[in-house]
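A quick write-up on the structure given underneath.
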Amino acid sequence: MKAVPKRIVSVVLVAISAAMIVTGYLAGDPSIILRKAVTICLECIGVG
Amino acid sequence: MTRVGMAALRQRLVQFSSALAANAWLQGWVEKGIYTGPLKVACFPGLQCYSCPSSIASCPLGSLQSLLASPGISLGSIGSTEPLTVLAILGSILFVGFLAGRFACSHLCPFGLLQDLLYMIPAPRLRLPPGLRNARFAVLAVFAVSLPLLLRPGPGMPGDPWFCKAVCPAGTVTGGWPFALWDSGGTLETGFLFAWKSAVAVLVILWSVTTSRPFCRTLCPLGAAWGLAGRVSLFRMTVDRSCIRCGKCREVCPVDIEIWKDPSSSTCIRCGRCVPACPVAAVKNGLAK
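Line by line, the protein sequences give chains D and W. Note that this note's numbering has the first sequence beginning at 1, numbered continuously upward. Note that this note's numbering has the second sequence beginning at 1001, numbered continuously upward.
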């Protein structure tokens, strides 16, 4: 059986990850990301 | 200038442009606050704390952890929108890795640039202890994924972004230190956690003076994820049969690897300096075949 070229596998993986981004932003709730990112995350910077 | 020098100069120009783009909200340093606009919904491809005053985008690791630690992500969270939003963040991380592995580490990450600049300070040069080389995978699995997901004070309660909270020196340097300095009223809790994180940051800074990219090679979970994805990335390194194993590539490699042994190495940050350094043109970068 002929092996699948590496380039095809890579293109499929890039396409899947792009689809994850689109699906996540469209079907999920990006405002959750925004809500967290627009307030100073005190625990993230070690002062809370 | 040599061809390796030209490659390094090109890389440096891209690094500075990227760092400036990621930190375009310069007025944050004047206003002593952070950018709160819509761009923050997107993740920047690099370790760029979203609590840095000039940051215009989100940190992919910070976003991932805060979502994994949210109350909506737990057993029985069917119907919640958080799992789908995690998909967007995971996709953002994997897209960069599947495209070009750790290229973002060498060209786009502001914390990578900081380490490169620190390594330009004249000092004794130290090699990385071999035992630490794979620690970043444990940091990814434990601090960036497992602890935020699983360690919660009670059922349905939020967890903590443990990598940010206990390890990340980028957040301390670009967020913690400035805000602690501006905190004239003493309202921030600069206790044990702040002292611990400051110690980690100081250690990483001092280590970066003697060793090239120590944080990228030992602790960075983002680099770990991109390194794994880079094994099957669309753009990758190749070494053909004409390689004479002279070691010239290793001499210019910022992460001290022998690219001929494993061209898809998860440690390789795809800076490309080994390409012009090769005397027989055996090392190449380009599309996977």
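The beta carbon of each residue, even a glycine, is placed where N, CA and C say it ideally should be.
Leaving out the 5 sequence neighbours to the left and right, which residues in its chain are closer than 8 Å to residue i when beta-carbon positions are compared?
| i | result |
| --- | --- |
| residue 1143/W | 1162, 1163, 1166, 1167 and 1221 |
| residue 1057/W | 1022, 1039, 1040, 1042, 1043, 1044, 1048 and 1050 |
| residue 1024/W | 1054 and 1056 |
| residue 1073/W | 1067, 1080, 1082, 1083, 1086 and 1149 |
| residue 1151/W | 1159, 1160 and 1162 |
| residue 1124/W | 1210 |
| residue 1128/W | 1211, 1214, 1217, 1218 and 1256 |
Quick check: what's the CA-CA separation for residue i versus residue j?
| i | j | result |
| --- | --- | --- |
| residue 1098/W | residue 1254/W | 22 Å |
| residue 1274/W | residue 1190/W | 44 Å |
| residue 1062/W | residue 1049/W | 7 Å |
| residue 1243/W | residue 1276/W | 13 Å |
| residue 1028/W | residue 1051/W | 10 Å |
| residue 1115/W | residue 1194/W | 21 Å |
| residue 998/W | residue 29/D | Only positions 1001 to 1289 of chain W appear in the structure, and residue 998/W is not among them; the question remains open. |
| residue 1270/W | residue 1111/W | 16 Å |
| residue 1180/W | residue 1030/W | 15 Å |
| residue 1092/W | residue 1245/W | 37 Å |
| residue 1060/W | residue 1054/W | 16 Å |
| residue 1133/W | residue 1224/W | 10 Å |
| residue 1218/W | residue 1226/W | 14 Å |
| residue 1117/W | residue 1212/W | 10 Å |
| residue 1113/W | residue 4/D | 37 Å |
| residue 1157/W | residue 1071/W | 5 Å |
| residue 1126/W | residue 1216/W | 15 Å |
| residue 27/D | residue 1175/W | 32 Å |
| residue 1249/W | residue 36/D | 43 Å |
| residue 1119/W | residue 2/D | 47 Å |
| residue 1131/W | residue 1278/W | 28 Å |
| residue 1139/W | residue 1109/W | 18 Å |
| residue 1004/W | residue 1192/W | 45 Å |
Does residue i pass the burial test, meaning 16 or more other C-beta atoms within 10 Å, or should it be called exposed?
| i | result |
| --- | --- |
| residue 1240/W | exposed |
| residue 1184/W | exposed |
| residue 1172/W | buried |
| residue 1251/W | exposed |
| residue 1002/W | exposed |
| residue 1280/W | exposed |
| residue 1141/W | exposed |
| residue 1197/W | buried |
| residue 1259/W | buried |
| residue 1202/W | exposed |
| residue 1257/W | buried |
| residue 57/D | A question about residue 57/D goes unanswered here, because the residues of chain D that appear run from 1 up to 48. |
| residue 1136/W | buried |
| residue 1186/W | exposed |
| residue 1034/W | buried |
| residue 1046/W | buried |
Any heavy atom of the ligand FMN closer than 7 Å to the Cβ of residue i?
| i | result |
| --- | --- |
| residue 1126/W | Judged by which ligands are present, the structure shown has none, so any question about the ligand FMN falls away. |
CB-CB under 6 Å to residue i, same chain, minus the five flanking residues each way: which ones, in chain order?
| i | result |
| --- | --- |
| residue 1148/W | 1065, 1068, 1069, 1159, 1161 and 1162 |
| residue 1284/W | 1238 |
| residue 1121/W | 1209 |
| residue 1032/W | 1182 |
| residue 1200/W | 1169 |
So, for residue i: in the same chain, excluding its five sequence neighbours on each side, which residues have a beta-carbon less than 7 Å away from its beta-carbon?
| i | result |
| --- | --- |
| residue 1287/W | 1234 and 1235 |
| residue 25/D | none |
| residue 1107/W | 1011, 1014, 1015 and 1018 |
| residue 1282/W | 1239, 1240, 1242 and 1243 |
| residue 1207/W | 1214 |
| residue 1026/W | 1054 |
| residue 1188/W | 1179 and 1180 |
Using 8 Å for Cβ pairs, my map puts residue i next to residue j. What's the rounded Cβ distance?
| i | j | result |
| --- | --- | --- |
| residue 1095/W | residue 14/D | 7 Å |
| residue 1169/W | residue 1204/W | 4 Å |
| residue 1272/W | residue 1007/W | 6 Å |
| residue 38/D | residue 1036/W | 4 Å |
| residue 1082/W | residue 32/D | 6 Å |
| residue 6/D | residue 1261/W | No, residue 6/D and residue 1261/W are not in contact; Cβ-Cβ is about 19 Å, not under 8 Å. |
Three CB pairs or more closer than 8 Å across the region 13-27 of chain D and the region 1082-1089 of chain W:
Three or more beta-carbon pairs separated by less than 8 Å link the region 13-27 of chain D to the region 1082-1089 of chain W, which places the two stretches in contact.
Three or more C-beta pairs closer than 8 Å, one from the region 1101-1115 of chain W and one from the region 1223-1232 of chain W: is that the case here?
Contact check between the region 1101-1115 of chain W and the region 1223-1232 of chain W: three or more CB pairs, one atom from each, fall below 8 Å, which counts as touching.
If we count Cβ pairs, one from each stretch, closer than 8 Å, do we get three or more for the region 34-45 of chain D versus the region 1256-1269 of chain W?
Verdict: no, contact absent.
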